[in-house]
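K.L.:
Numbering (the numbering used here), first residue to last: 1 to 140.
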Amino acid sequence: MKYCVEISEEQLRIISVAVDEYMRLRMGQFEPLTEDLVFDGEDKKQLYEKPYDIRVYNERKHCIETMFEAAYKLAYPPFGHRERQHDSWGTCIDLVHAIEHQQWLDAPENKREAPGTTNRSFDPVPLGHEPFPKIERVDE
1 MKYCVEISEE
11 QLRIISVAVD
21 EYMRLRMGQF
31 EPLTEDLVFD
41 GEDKKQLYEK
51 PYDIRVYNER
61 KHCIETMFEA
71 AYKLAYPPFG
81 HRERQHDSWG
91 TCIDLVHAIE
101 HQQWLDAPEN
111 KREAPGTTNR
121 SFDPVPLGHE
131 PFPKIERVDE
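1. For residue 70 and chain D, any beta-carbon pair shorter than 8 Å?
2. Going by other Cβ atoms of all chains shown within 10 Å of its Cβ, with 16 needed for buried, is residue 130 buried or exposed?
3. Using the rule of at least 16 other Cβ atoms within 10 Å of the residue's Cβ for burial, across every protein chain shown, is residue 46 buried or exposed?
4. With a threshold of 7 Å on Cβ separation, who are the neighbours of residue 87 within its own chain once the five nearest residues in sequence on each side are excluded?
5. If I follow the unbroken alpha helix (DSSP H) through residue 7, where does it start and stop?
6. From residue 72 to residue 27, what distance separates their C-alpha atoms?
7. Quick check on the DSSP output: the alpha helix (DSSP H) that includes residue 68 runs from which residue to which?
8. If you run the structure through DSSP and keep just helix, strand and coil, what is residue 134?
9. Can you give the beta carbon distance from residue 98 to residue 51, rounded, assuming they're within the 8 Å contact cut?
10. Quick check on residue 102: buried or exposed, where buried means 16 or more other Cβ atoms within 10 Å of its Cβ?
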């Protein structure tokens, strides 16, 4: 069964962020997630100009990351990790790659990365068990 969902550009961005965060949680990749949580809405460049402020933010990030890692170890004893990745990982990364690649294709030429320089600029490679998502821009 297939579904067609019509969403705005902002909704697509939010879905991409949400799926990426879910995927990282399932994989135990807490560093990027905690960085997103702690620095959300902050101008990191300005924070690095103020040594005290950046230390506070980095300490928060470290504490949150440590908490996530402890919870993961409790969830998956005795080693604190899964023997194999959850099946949803492949579906998540396929969604993220499809969305990011389409956003790259839709970006103005002067604002996109050069082809072959970032994950977004390569043709996505399916990694999940589901059919690879098709995304296309619809001009109104």
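C-beta: ideal position from N, C-alpha, C; glycine also. All values derive from a computational prediction rather than experimental measurement.
P.N.:
The answer reads as follows:
1. Protein chains in the displayed structure number just one, and chain D is not present.
2. exposed
3. Exposed, because fewer than 16 other Cβ atoms sit within 10 Å of the Cβ of residue 46.
4. The residues 129, in chain order, have a CB closer than 7 Å to that of residue 87 in the same chain once the five nearest residues on each side in sequence are set aside.
5. In the DSSP assignment, residue 7 falls outside any alpha helix (DSSP H) and carries neither an H nor an E.
6. 10 Å
7. Taken as a continuous stretch (DSSP letters only), the alpha helix (DSSP H) holding residue 68 covers 51 to 75.
8. In the structure shown, residue 134 sits in coil (DSSP, three-state: anything other than H, G, I, E or B).
9. Going by Cβ atoms, the distance from residue 98 to residue 51 rounds to 41 Å, so no, they are not a contact pair.
10. buried
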